[in-house]
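In UniProt numbering, the protein residues as written are 1 to 83.
Think of the CB as a built atom: it goes at the ideal place given N, C-alpha and C, for glycine as much as any other residue.
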Amino acid sequence: MSVLRIVLQVILAISSLFLTLLILLHKGKGGGLSDMFGGGVTTSLSGSSMAERNLNRFTITVGCVWFATVVLLGLVERFTNEF
1 MSVLRIVLQV
11 ILAISSLFLT
21 LLILLHKGKG
31 GGLSDMFGGG
41 VTTSLSGSSM
51 AERNLNRFTI
61 TVGCVWFATV
71 VLLGLVERFT
81 NEF
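Below you can see the structure in the form of structure tokens.
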């Protein structure tokens with residue numbers, strides 16, 4: 001169980017940093033860092049650009065990985081018989 005706990009903690013740390021980076025790349029009310037990577041170019045048919053939609057998808061995916069890792073880490077801690 002110790003190896004599983006260490007692996008989950010590493011995944012949690014990496015996903016936390018990556019999630020923070022992705023959130024900071026999102027466009028705010030006055031524009032954001034995503035404008036540097038093509039987020040400022042919008043199409044006339046949609047409200048958000050393709051880069052912003054992909055950024056949303058990546059952020060949701062990493063957020064789900066982060067959430068699942070937290071739940072699994074909690075379950076490992078709960079059901080471990082080490083005292």
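- Task: Determine the direct distance from the alpha carbon of R57 to that of S49, and round the result to whole angstroms.
- Result: 13 Å
- Following the continuous alpha helix (DSSP H) through N54, name the residue where it begins and the one where it ends. M50 to F79
- Query: Would you report the Cα separation of V76 and L8, rounded to the nearest angstrom?
  - Reply: 9 Å
- Query: When the distance is taken between beta carbons, is T59 closer than 8 Å to I14?
  - Reply: no
- Close Cβ partners of V65 (< 7 Å) along its chain, the five nearest in sequence each way excluded: S15
- Task: With a threshold of 16 other CB atoms inside 10 Å of the CB of V3, please say whether the residue is buried or exposed.
- Result: exposed
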